[in-house]
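S.K.: Handing you this structure, nothing more for now.
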Amino acid sequence: FYLVMEKLHSDMLEMILSQPIKRLNERQTKFLIYQVLVALRYLHSKSIVHCDLKPENVLLAQAQDYPQTKLCDFGFARIIGEKSFRRSIVGTPAYLPPEALKPEIRLEKGYNRSLDMWSCGVIIYVSLSGTFPFNEDEEIEDQIRNANFMFPATPWKDISNEALSFLQSLLVLDNKRRLLINKVFLQPWLQVEPFYNNNNNKTD
198 FYLVMEKLHS
208 DMLEMILSQP
218 IKRLNERQTK
228 FLIYQVLVAL
238 RYLHSKSIVH
248 CDLKPENVLL
258 AQAQDYPQTK
268 LCDFGFARII
278 GEKSFRRSIV
288 GTPAYLPPEA
298 LKPEIRLEKG
308 YNRSLDMWSC
318 GVIIYVSLSG
328 TFPFNEDEEI
338 EDQIRNANFM
348 FPATPWKDIS
358 NEALSFLQSL
368 LVLDNKRRLL
378 INKVFLQPWL
388 QVEPFYNNNN
398 NKTD
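The following block contains the structure:
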């Protein structure tokens with residue numbers, strides 16, 4: 198038999214690394230993450246949590262500045278109801294929230310759909326800055342558990358307040374206070390300018 202697969206161009210990480218400054222601008226980041234959030238809205242409506250969101254799993258359909266995106270790698274995906282929790286180990290540590298990394302919390306309370314929202318926050322941070330929100334010389338998991346995030350002047354002094362506010366609403370230590378998918382599209386950063394249309398092209 199034959200297995201026919203869609204031909205895609207690259208992934209979000211490759212796009213970030215291919216830039217001269219090794220990061221994307223706000224408009225590009227917003228364009229890509231908006232599509233990821235639309236996909237998450239559908240998944241979460243079906244009680245599916247991806248559990249391994251990262252730039253490498255955001256595939257790009259075209260070789261252009263504003264491509265269509267596709268989520269891939271559902272190997273860690275879990276069925277988690279709106280009020281349900283899971284306790285199994287999932288995902289890539291650098292993109293996981295504290296509740297999935299702390300054994301005492303994961304085993305006692307578990308994690309829920311908000312795990313994907315935290316991962317989106319890390320993706321946004323990586324896209325806008327070209328690095329992780331942690332000091333790579335120290336234990337990353339300890340920094341995540343304590344929410345010790347770095348926002349150095351370069352490049353964050355040039356990032357809009359709306360973007361920072363949106364990012365900080367996702368990277369919240371307490372998952373009960375973390376922004377969920379049903380509120381995400383009301384955030385000012387996603388409404389500041391007409392950055393997205395149905396033709397997947399940049400708008401003016």
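When we follow this note's numbering, the leftmost residue of the sequence shown carries the number 198, and every step to the right adds one. Think of the CB as a built atom: it goes at the ideal place given N, C-alpha and C, for glycine as much as any other residue. Nothing here was measured: the structure is a model prediction, and the numbers come from that model.
Just checking, does the stretch 334 to 354 make contact with the stretch 255 to 265 on the three C-beta pairs under 8 Å criterion?
M.R.: Short answer: they don't touch.
S.K.: Can you give me the C-alpha to C-alpha distance between leucine 367 and asparagine 379, rounded to a whole angstrom?
M.R.: For leucine 367 and asparagine 379, the distance between alpha carbons rounds to 13 Å.
S.K.: Between glutamine 225 and isoleucine 321, what straight-line distance do the alpha-carbon atoms span, to the nearest angstrom?
M.R.: For glutamine 225 and isoleucine 321, the distance between alpha carbons rounds to 11 Å.
S.K.: Rounded to whole angstroms, what's the CA-CA distance from histidine 247 to threonine 351? Just pull it up for me.
M.R.: One C-alpha to the other measures close to 32 Å.
S.K.: For the beta strand (DSSP E) holding lysine 380, just list the boundary residues, first then last.
M.R.: Careful: lysine 380 lies outside any beta strand (DSSP E), inside the alpha helix (DSSP H) at 378 to 381.
S.K.: Considering valine 287, what are the terminal residues of the beta strand (DSSP E) in which it resides?
M.R.: Here valine 287 belongs to no beta strand (DSSP E), and DSSP marks it neither H nor E.
S.K.: Within the continuous alpha helix (DSSP H) that includes leucine 325, where are the two ends?
M.R.: Leucine 325 -> alpha helix (DSSP H) spans 311 to 326.
S.K.: Would DSSP call serine 366 helix, strand or coil?
M.R.: In the structure shown, serine 366 sits in a helix (DSSP, three-state: H, G or I).
S.K.: Alpha carbons only, please: which of Asn254, Gln365, Leu364, Ile356 is nearest the one belonging to glutamate 223?
M.R.: The candidate whose alpha carbon is nearest that of glutamate 223 is Ile356.
S.K.: Identify the continuous beta strand (DSSP E) that holds leucine 268 and give its terminal residues.
M.R.: Here the beta strand (DSSP E) through leucine 268 covers 266 to 268.
S.K.: Consult DSSP for valine 255 and reduce its assignment to one of helix, strand or coil.
M.R.: Strand at valine 255.
S.K.: Could you check what DSSP says for lysine 399 in three-state terms: helix, strand or coil?
M.R.: Caution is warranted here: a pLDDT of 46 is assigned to lysine 399, below 50, making its placement in the model unreliable, and the coordinate value is therefore given only provisionally. It is coil, neither helix nor strand.
S.K.: Let me know if proline 295 comes out buried or exposed under the rule of 16 or more other beta-carbons within 10 Å of its beta-carbon.
M.R.: By the neighbour-count rule (16 or more Cβ atoms within 10 Å), proline 295 is buried.
S.K.: Can you tell me the Cα-Cα spacing of isoleucine 230 and leucine 221, whole angstroms?
M.R.: For isoleucine 230 and leucine 221, the distance between alpha carbons rounds to 12 Å.
S.K.: For leucine 205, which of Val381, Trp353, Ala258 has the nearest alpha-carbon?
M.R.: Nearest option by C-alpha distance: Ala258.
S.K.: How long is the line joining the alpha carbons of glutamate 279 and lysine 354, rounded to whole angstroms?
M.R.: The straight-line gap from Cα to Cα measures roughly 37 Å.
S.K.: Distance check for arginine 238 and serine 281, CA to CA, integer angstroms please.
M.R.: Going from the Cα of serine 281 to the Cα of arginine 238 covers about 17 Å.
S.K.: Going by DSSP, which residues form a beta bridge with aspartate 262?
M.R.: In the DSSP output, where bridge partners are listed per residue, aspartate 262 has none listed.
S.K.: Going by the beta-carbon positions, is the gap between glycine 327 and isoleucine 213 smaller than 8 Å?
M.R.: The answer is yes: Cβ separation under 8 Å.
S.K.: Going by CA-CA distance only, name the one from Val369, Gln388, Lys299, Asn309 that's closest to alanine 274.
M.R.: That would be Asn309, whose Cα lies nearest to the Cα of alanine 274.
S.K.: Looking only at its own chain, which residues have a Cβ that is under 8 Å from the Cβ of cysteine 317, when we skip the five neighbours before and after it?
M.R.: Ile230, Val233, Leu234, Leu237, Leu250, Leu367.
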